[in-house]
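Chemist:
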Amino acid sequence: MPSTTTNKILAILLASVTLLSAAPAADEKHMSVYSPVAIYTLPVLDREGHEYVGLLELLEPLGRVRTESQGRRWRLRYNAVDAEFVAGKTRARIRGRDFDFVAPFLIENSRGLVPLSSLTGFLPRFLGAPVTFRESARRLFVGDVGIQISFLLDASNPPRLALNFSAPVNPTISTEPGKLRMVFKRDPVVSPGSQSISFDNKVITHASYSENNGDAELDVAANEPLMASFSNDRRTIVVSAVQPVTTPNVAGQQNPTQAPPAAANTASGNVNVHRLLAVVDPAHGGDERGAALTDKLAEKDVTLGFARLLRHELEIRGFAVALLRDGDSSLTLDQRAAAANVARAGIYISLHAVSQGRGARVYTALLPMEGTSKGVFHAWNVAQAPVLPVSRIVSAAIFAEMQKREFPVQASSASLRPLNNVFMPAVAVELAPGADGVADLTSANYQQRAASAIADAVVSVRDRLGVQP
Amino acid sequence: MIPRHLLIGVAALLALVVSMGIYLRQMRQQAGQLESPAANALPVAPPASGPTETVTLYVADDAAGVLRPRSAQIPLPGGRQQRAEQLLRTLLRIYQQPGAAHPLAPAADIRSIYLVDPGAAVIDLNAAFADQHRSGILSEQLTVNSLVETLAVNVPGIQRVNILVEGKTRDTLAGHADLTETFDVTTVEQAGNQ
Numbered sequence: 001m002p003s004t005t006t007n008k009i010l011a012i013l014l015a016s017v018t019l020l021s022a023a024p025a026a027d028e029k030h031m032s033v034y035s036p037v038a039i040y041t042l043p044v045l046d047r048e049g050h051e052y053v054g055l056l057e058l059l060e061p062l063g064r065v066r067t068e069s070q071g072r073r074w075r076l077r078y079n080a081v082d083a084e085f086v087a088g089k090t091r092a093r094i095r096g097r098d099f100d101f102v103a104p105f106l107i108e109n110s111r112g113l114v115p116l117s118s119l120t121g122f123l124p125r126f127l128g129a130p131v132t133f134r135e136s137a138r139r140l141f142v143g144d145v146g147i148q149i150s151f152l153l154d155a156s157n158p159p160r161l162a163l164n165f166s167a168p169v170n171p172t173i174s175t176e177p178g179k180l181r182m183v184f185k186r187d188p189v190v191s192p193g194s195q196s197i198s199f200d201n202k203v204i205t206h207a208s209y210s211e212n213n214g215d216a217e218l219d220v221a222a223n224e225p226l227m228a229s230f231s232n233d234r235r236t237i238v239v240s241a242v243q244p245v246t247t248p249n250v251a252g253q254q255n256p257t258q259a260p261p262a263a264a265n266t267a268s269g270n271v272n273v274h275r276l277l278a279v280v281d282p283a284h285g286g287d288e289r290g291a292a293l294t295d296k297l298a299e300k301d302v303t304l305g306f307a308r309l310l311r312h313e314l315e316i317r318g319f320a321v322a323l324l325r326d327g328d329s330s331l332t333l334d335q336r337a338a339a340a341n342v343a344r345a346g347i348y349i350s351l352h353a354v355s356q357g358r359g360a361r362v363y364t365a366l367l368p369m370e371g372t373s374k375g376v377f378h379a380w381n382v383a384q385a386p387v388l389p390v391s392r393i394v395s396a397a398i399f400a401e402m403q404k405r406e407f408p409v410q411a412s413s414a415s416l417r418p419l420n421n422v423f424m425p426a427v428a429v430e431l432a433p434g435a436d437g438v439a440d441l442t443s444a445n446y447q448q449r450a451a452s453a454i455a456d457a458v459v460s461v462r463d464r465l466g467v468q469p
Numbered sequence: 001m002i003p004r005h006l007l008i009g010v011a012a013l014l015a016l017v018v019s020m021g022i023y024l025r026q027m028r029q030q031a032g033q034l035e036s037p038a039a040n041a042l043p044v045a046p047p048a049s050g051p052t053e054t055v056t057l058y059v060a061d062d063a064a065g066v067l068r069p070r071s072a073q074i075p076l077p078g079g080r081q082q083r084a085e086q087l088l089r090t091l092l093r094i095y096q097q098p099g100a101a102h103p104l105a106p107a108a109d110i111r112s113i114y115l116v117d118p119g120a121a122v123i124d125l126n127a128a129f130a131d132q133h134r135s136g137i138l139s140e141q142l143t144v145n146s147l148v149e150t151l152a153v154n155v156p157g158i159q160r161v162n163i164l165v166e167g168k169t170r171d172t173l174a175g176h177a178d179l180t181e182t183f184d185v186t187t188v189e190q191a192g193n194q
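Heads up: the sequence lines are chains A and B, in that order. With my numbering as the guide, the letters of the first sequence map in order to residues 1 to 469. With my numbering as the guide, the letters of the second sequence map in order to residues 1 to 194.
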């Protein structure tokens, strides 16, 4: 029996060692290549005290490449450029001329490896274009592909920092206390000039730029929680503060989604309180116009006006409100869900409009059957599942409030993204015409009635909000 | 005088040609026998007439925002797949009549329905169905629910349904109803009963 136990332990140890050795190391070195024809990353190898990269892998995405190896000689043809390398030698012949590497050329498994330090020297001979290689960050720019950043701070309350880029970007955005981090893995973003920019603002204090291991990173520091939203076809990222109510002693000590309901409307009282955050999402936007309500009226325009009214109605009832778009910008459904989740809002309200029917329709998520949650991890397509009962309570409250005001209303479930993907109570409200037909959809009075009913309903259930799965 | 060995060679070649011809004829006969029976026995289209069955169609009503069960007597073929296609085409014809409570475009059609055991159905719509569908959460969701419930009630064993457009996954039907996920029949029925 002891031998069986020993065998089991050995087997587990062996499996663990195998798994660990097979898993990619978190700090694996790589370089990013940005060119007008392709953007890609390559693994970087440490050999004999130098960093190397595979030459074939480097050139293949940029043009036609053919290689031939003969003993220690390795020949490469890139488009019409011929080159010959010898393993272990620093001298190579490229385009009919000699070139000296800073470290020997290597051949491993028929792959030709060149030292990173020599890239700026020999690559222009192949590519016929200037290259810029930021060696410490391992970022290679072929031609003029860099994306410039400029900053514009709107110091109103809450303050907003607009990051304008010279081309669309798609960073990974995350938040941590006092910081919003944007990591640009596939965008050739270049330094804004200074590595750190200070703002004359008490909330958003400064931004810092850094590059490392093929990525660029932009951090915005603040004294309050931040959220980011895209606009201008992903050329602008607006970073705004999710501002708590000012109480002298406690800023930042309380989760804004967990404010005690009784204290919600006592901003002037001597109570430690933060406002509950409501994310209001005007559906569609940009090129995505939504339903054509009339020949000239698009759903995206009605939802934006309606959202601004709802923001006002919620704000005067003590909520902090974030609009996912406050202009004619486009956001994907995933971006909308991610923005709401990152902000850890207490409630998410998606707004739609339609030209048929009467009044308003309130929807909760019709969840798909696939997707499971394990522990603290939630499947993206059913992230709403744990809080769906609360969402239905919100829906019922809006239904009741509208009925009370004799505003025609229906409630049901819909397979409508991104309701499935947000992990806070979430509803969609579709505004349909009233007695005056489609003209009602742009009537401030009509929208005001609906917005006011929704806001009152949200207030009535605020003690159920802020439930995080 | 023709040499003897040449005569023998020509005779052998002739014999080979004749035997090859006979063999080829036999092969063609065998191939014909294999093709004929089963393939010709299958129906190529559902019957336009014949014995009818009573089915329940779940018909959408935009104004009320609900599905209404409606009985119909229609001729149905025996095969599950053909039966499913005929059912949904009958449902479509209701929506394509003038003044329908849930209008669909005249060109809207079901390209095919695939029944994948156990319990899965894939409805493949044509492009006109989605491209010319009214945009709106309620209208789109009623269409989805109507297709799913009508299929599930009349074709036993269907528990989940996927909807494709022109054989491909499409994000939404007309800007709202999400078609990327699988519809659970029970969930859709419960939503309809709310």
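For every residue, glycine included, the Cβ atom is placed at its ideal position computed from N, Cα and C.
Using a Cβ-Cβ cut-off of 8 Å (strictly less than) and excluding sequence neighbours within five positions of Leu151/B, which residues of its own chain qualify?
Modeler: Ala84, Leu87, Leu88, Ile113, Ala121, Ile123, Ile158, Val161
Chemist: Please report how far the alpha carbon of Ala251/A lies from the alpha carbon of Glu51/A, in whole angstroms.
Modeler: Confidence at Ala251/A is low in this model, with a pLDDT of 29, below 50, so the placement of that residue should be treated as unreliable; the coordinate-derived value is given next. If I take the Cα positions, the gap works out to 47 Å.
Chemist: Kindly list the residues whose CB is nearer than 7 Å to the CB of Arg4/B, restricted to its own chain and excluding five residues on each side of it in sequence; keep chain order.
Modeler: none
Chemist: Looking at the C-beta of Asp62/B, does it have a partner C-beta in chain A at a distance below 8 Å?
Modeler: Yes - at least one Cβ of chain A is within 8 Å of the one on Asp62/B.
Chemist: Would you call the stretch 436-451 of chain A and the stretch 389-396 of chain A touching, i.e. three or more CB-CB distances under 8 Å?
Modeler: no
Chemist: Ala207/A and Glu224/A - do their beta-carbons sit closer together than 8 Å?
Modeler: no
Chemist: Could you give the distance in angstroms between the alpha-carbon of Pro261/A and the alpha-carbon of Glu288/A?
Modeler: In this prediction, Pro261/A has a pLDDT of 32, which is less than 50 and means its spatial position is unreliable; nothing more can be read from the coordinates.
Chemist: Between the Cα of Ala397/A and the Cα atoms of Ala385/A, Val387/A, Ala411/A, Gln384/A, which residue gives the shortest distance?
Modeler: The shortest Cα separation from Ala397/A among Ala385/A, Val387/A, Ala411/A, Gln384/A belongs to Ala411/A.
Chemist: Does Gly136/B come within less than 8 Å of chain A when only Cβ atoms are used?
Modeler: True, the Cβ-Cβ gap to chain A drops below 8 Å.
Chemist: Let me confirm a value: Asn420/A is counted as buried when at least 16 other C-beta atoms fall within 10 Å, else exposed. Which label applies?
Modeler: buried
Chemist: For Gly65/B, go through chain A and note every residue whose CB falls closer than 9 Å to its CB, in chain order.
Modeler: Gly357, Arg361, Gln410, Ser412
Chemist: Tell me where the beta strand (DSSP E) around Asn445/A begins and ends.
Modeler: Note, Asn445/A: premise wrong, no beta strand (DSSP E); alpha helix (DSSP H) at 444-460.
Chemist: Using DSSP with H/G/I as helix, E/B as strand and the rest coil, what is His312/A?
Modeler: helix
Chemist: Sorted by chain position, which residues of the same chain lie with C-beta nearer than 6 Å to Lys29/A's C-beta, five sequence neighbours on each side aside?
Modeler: Val44.
Chemist: Rounded to whole angstroms, what's the CA-CA distance from Pro282/A to Asp326/A? Just pull it up for me.
Modeler: 8 Å
Chemist: Any idea if Leu42/B is buried or exposed, counting beta-carbon neighbours within 10 angstroms, 16 or more meaning buried?
Modeler: A caution first: Leu42/B carries a pLDDT of 38, below 50, which makes its placement in the model unreliable, though a value can still be read off. Answer is exposed; the Cβ neighbour count stays below 16.
Chemist: Would a check of beta-carbon distances place Val427/A closer than 8 Å to chain B?
Modeler: no
Chemist: List, in order along the chain, the chain B residues whose C-beta lies closer than 8 Å to that of Gly96/A?
Modeler: Within 8 Å Cβ-Cβ: nothing; Gly96/A doesn't reach chain B, min ~51 Å.
Chemist: Quick check: the stretch 170-180 of chain B against the stretch 95-104 of chain B, are at least 3 beta-carbon pairs closer than 8 Å?
Modeler: no
Chemist: Locate the alpha helix (DSSP H) running through Phe129/B, then write down its first and last residues.
Modeler: 127-131
Chemist: Any beta-carbon of chain B closer than 8 Å to the one on Ala457/A?
Modeler: no
Chemist: By the three-class DSSP mapping on this structure, what secondary structure does Val145/A have?
Modeler: coil
Chemist: Can you check DSSP and say which residues form a bridge with Thr120/A?
Modeler: Bridge partners of Thr120/A: none, in fact.
Chemist: What did DSSP end up calling Ala12/B once you bin it into helix, strand or coil?
Modeler: Judged by DSSP in its simplified three-state form, Ala12/B adopts helix.
Chemist: In three-state terms, what does DSSP make of Ala120/B?
Modeler: It is a strand residue.
Chemist: If you check the beta carbons only, do Val342/A and Met424/A fall under 8 Å apart?
Modeler: no
Chemist: When Cβ atoms are compared, which residues of the stretch 428-447 of chain A fall closer than 9 Å to chain B?
Modeler: Ala428, Glu430, Ala432
Chemist: Quick check on DSSP: helix, strand or coil for Asp185/A?
Modeler: Before going on, a small fix: residue 185/A reads as Lys here, not Asp. Coil at Lys185/A, not helix or strand.
Chemist: Mind checking if Ala128/B is an interface residue toward chain A, Cβ cutoff 8 Å exclusive?
Modeler: no
Chemist: Compare the Cα-Cα distances from Val86/A to each of Glu68/A, Leu106/A, Ser198/A, Glu135/A and report the closest residue.
Modeler: Leu106/A
Chemist: Mind listing the chain B neighbours of Arg325/A? Cutoff is C-beta to C-beta under 8 Å, in chain order.
Modeler: Chain B residues near Arg325/A: none, gap ~16 Å exceeds 8 Å.
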